[in-house]
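Chain order of the listed sequences is A and B. FYI, the numbering for the first sequence is 1 to 202, going by this note's numbering. FYI, the numbering for the second sequence is 203 to 404, going by this note's numbering. Yeah, the Cβ is synthetic: ideal placement off N, Cα and C, and Gly gets one too. No experiment lies behind these values; they were computed from the predicted model shown. Structure first, then comments.
Protein chains: 2
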Amino acid sequence: MRKRWAMPKIVDHDDRRRHIAEAVHRVIHDRGMESVSLREVAAEAGMSMGAVQYYVTTKDQMLLLALEHIGVWIGIRLAAVAARRSTPLDLLRDTVLELLPLDEERSYLNRIGLAFQASSVVDDDQAAAMRLGLPLLLSFFAEQIRAAQAAGQLATHLDADKEASILYAFAQGIVNATLVGHYTPEEVAALLDYHLARLHAG
Amino acid sequence: MRKRWAMPKIVDHDDRRRHIAEAVHRVIHDRGMESVSLREVAAEAGMSMGAVQYYVTTKDQMLLLALEHIGVWIGIRLAAVAARRSTPLDLLRDTVLELLPLDEERSYLNRIGLAFQASSVVDDDQAAAMRLGLPLLLSFFAEQIRAAQAAGQLATHLDADKEASILYAFAQGIVNATLVGHYTPEEVAALLDYHLARLHAG
DNA sequence: CGTTTTCTCATGCGAGTGCATGGTAAAAGG
DNA sequence: CCTTTTACCATGCACTCGCATGAGAAAACG
Numbered sequence: 001m002r003k004r005w006a007m008p009k010i011v012d013h014d015d016r017r018r019h020i021a022e023a024v025h026r027v028i029h030d031r032g033m034e035s036v037s038l039r040e041v042a043a044e045a046g047m048s049m050g051a052v053q054y055y056v057t058t059k060d061q062m063l064l065l066a067l068e069h070i071g072v073w074i075g076i077r078l079a080a081v082a083a084r085r086s087t088p089l090d091l092l093r094d095t096v097l098e099l100l101p102l103d104e105e106r107s108y109l110n111r112i113g114l115a116f117q118a119s120s121v122v123d124d125d126q127a128a129a130m131r132l133g134l135p136l137l138l139s140f141f142a143e144q145i146r147a148a149q150a151a152g153q154l155a156t157h158l159d160a161d162k163e164a165s166i167l168y169a170f171a172q173g174i175v176n177a178t179l180v181g182h183y184t185p186e187e188v189a190a191l192l193d194y195h196l197a198r199l200h201a202g
Numbered sequence: 203m204r205k206r207w208a209m210p211k212i213v214d215h216d217d218r219r220r221h222i223a224e225a226v227h228r229v230i231h232d233r234g235m236e237s238v239s240l241r242e243v244a245a246e247a248g249m250s251m252g253a254v255q256y257y258v259t260t261k262d263q264m265l266l267l268a269l270e271h272i273g274v275w276i277g278i279r280l281a282a283v284a285a286r287r288s289t290p291l292d293l294l295r296d297t298v299l300e301l302l303p304l305d306e307e308r309s310y311l312n313r314i315g316l317a318f319q320a321s322s323v324v325d326d327d328q329a330a331a332m333r334l335g336l337p338l339l340l341s342f343f344a345e346q347i348r349a350a351q352a353a354g355q356l357a358t359h360l361d362a363d364k365e366a367s368i369l370y371a372f373a374q375g376i377v378n379a380t381l382v383g384h385y386t387p388e389e390v391a392a393l394l395d396y397h398l399a400r401l402h403a404g
């Protein structure tokens with residue numbers, strides 16, 4: 001929906017905010033959450049500190065913006081996976097794989113996500129954002145599980161919601177060990193397939 | 203093994219270091235990883251900044267010390283669980299439960315652990331410490347799974363190592379969602395039992 | 001005792017922090 | 001034209017940071 005603007009200086013605010021959010025992402029990824037500062041982000045975004053302050057009045061607000069953009073990004077990626085319209089079970093598998101740090105881009109996303117997981121425990125606003133996004137992800141998983149059950153690819157006695165929670169927890173829990181180099185991408189994929197195999201319909 | 207000391211001022215270095223590490227833990231828990239500073243930790247430990255610097259020359263070293271103490275602490279807790287000598291399957295269940303944020307003390311430990319998971323992605327030394335501790339935990343899990351299999355409580359066709367990885371990943375992955383308030387402790391325990399139920403021997 | 005070694009402290013330094021402020025260019029409306 | 005609104009920038013302020021330094025207190029040894 002187009003905003004009814006506004007007299008002077010035609011500037012796309014959403015674009016600017018996304019630009020800032022992505023700069024925050026890069027800083028978190030490259031130098032960690034502790035290196036995030038207004039100056040550092042401004043430099044990374046190629047704009048002055050005052051310009052950043054114009055769109056984001058406080059550091060906490062800046063981080064919250066970056067967190068929300070992560071959520072949007074994940075949503076877009078998962079929607080793209082869902083659009084493939086393959087077998088329900090393959091769809092489920094691809095969805096989980098999309099969230100795992102199996103290549104550079106997904107590692108990039110997971111580094112940032114992990115940083116926010118830790119940060120959100122201490123920051124109430126970030127925790128609220130997490131509580132908002134989590135049910136969406138879990139219901140997305142559960143829906144795909146139910147579809148696979150309906151298609152006869154997953155056992156019907158499975159509790160879709162619980163399986164969704166377990167599957168998502170597995171995906172999140174394997175992230176650090178993988179980023180730290182304990183698992184190879186192949187091993188992670190093998191673990192997922194091993195787990196999914198037992199959910200198959202007999 | 204007792205250290206051969208040393209002339210003056212009888213001071214237990216290990217005790218001092220543990221004292222500092224625990225102060226770091228409290229700061230991370232209460233105010234987050236970003237609030238950890240030499241001054242803040244010194245104040246929390248009730249000692250001067252210079253005293254802290256005597257035992258720990260740099261901030262990174264201080265964090266590494268705190269991380270290693272977390273590993274030791276977890277090891278002690280798990281050893282205590284293992285000492286209960288109940289049924290192999292109950293032992294496995296209790297071991298996982300011990301790592302989940304189901305009460306205040308375990309939440310305390312998990313907050314700190316989650317902070318270090320994020321931090322270790324950016325800090326090489328911390329990552330190395332993680333890579334050192336992970337196999338121990340996983341083999342601990344795997345061993346208990348094998349024991350349960352030998353006791354006829356878990357299906358023999360299960361891959362103990364993979365099950366251990368999945369179980370541990372589940373435990374780690376559920377942490378943030380629980381700390382953020384998405385799951386109640388009861389729901390988490392129910393999820394674990396739901397998962398373990400399918401591993402039962404027929 | 002005094003010497004030696006261990007331990008602790010206060011302080012300083014340069015750099016970086018979040019945030020506020022005042023000023024200014026630019027575009028649209030009158 | 002001039003005014004108004006938007007967008008941006010440079011700078012200042014009070015504070016904190018990690019770390020280094022040098023002095024001094026405390027305890028064992030001669």
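- A:Phe170 is the residue among A:Asn176, A:Ser107, A:Phe170, A:Val180 whose C-alpha sits nearest the C-alpha of leucine 191 (chain A).
- Contact of valine 56 (chain A) with chain B by beta-carbon distance below 9 Å is absent, the smallest such distance being about 18 Å.
- For lysine 364 (chain B), the chain A residues whose C-beta falls within less than 7 Å of its own C-beta are Leu191, Tyr194, listed in chain order.
- Considering only B:Leu269, B:Arg218, B:Val229, B:His231, the residue with the shortest C-alpha distance to tyrosine 256 (chain B) is B:Arg218.
- At the C-beta level, isoleucine 28 (chain A) and alanine 45 (chain A) stay beyond 9 Å of one another.
- With respect to the 9 Å criterion, serine 139 (chain A) and isoleucine 376 (chain B) are not classified as neighbours on the basis of their beta carbons.
- Under the DSSP assignment, valine 390 (chain B) falls in the alpha helix (DSSP H) whose first and last residues are 387 to 399.
- For aspartate 159 (chain A), the chain B residues whose C-beta falls within less than 9 Å of its own C-beta are Tyr396, listed in chain order.
- Shown in chain order are the members of the region 116 to 138 of chain A whose Cβ falls below 9 Å from a Cβ of chain B: Phe116, Gln117, Ala118, Ser119, Ser120, Val121, Val122, Asp123, Gln126, Ala127, Ala128, Met130, Arg131, Leu134, Pro135, Leu138.
- Residues of chain A with a Cβ closer than 7 Å to the Cβ of phenylalanine 372 (chain B) are, in chain order, Ile166, Ala169, Phe170, Gly173.
- The shortest C-alpha to C-alpha distance from leucine 304 (chain B) to any of B:Ala379, B:Arg220, B:Arg333 is the one to B:Ala379.
- Boundaries of the alpha helix (DSSP H) around glutamine 117 (chain A): 104 to 122.
- With respect to the C-alpha of alanine 391 (chain B), the residue from B:Glu345, B:Arg295, B:Arg400, B:Gln346 having the closest C-alpha is B:Arg295.
- When the beta-carbon positions are compared, valine 122 (chain A) and glycine 383 (chain B) stay at least 9 Å from each other.
- By the neighbour-count criterion, in which a residue is buried when 16 or more other Cβ atoms sit within 10 angstroms of its Cβ, arginine 241 (chain B) is exposed.
- Taking one beta carbon from each stretch, the region 283 to 290 of chain B and the region 330 to 340 of chain B have fewer than 3 pairs nearer than 8 Å; the two do not touch.
- Three or more beta-carbon pairs drawn from the region 312 to 326 of chain B and the region 110 to 124 of chain A are found closer than 8 Å, and the two stretches are therefore classed as touching.
- For leucine 339 (chain B), the closest C-alpha among the options B:Ala352, B:Glu300, B:Ala403 is that of B:Glu300.
- Residue B:Gly273 holds the alpha-carbon nearest to the alpha-carbon of proline 337 (chain B) among B:Gly273, B:Ala357, B:Leu265, B:Ala403.
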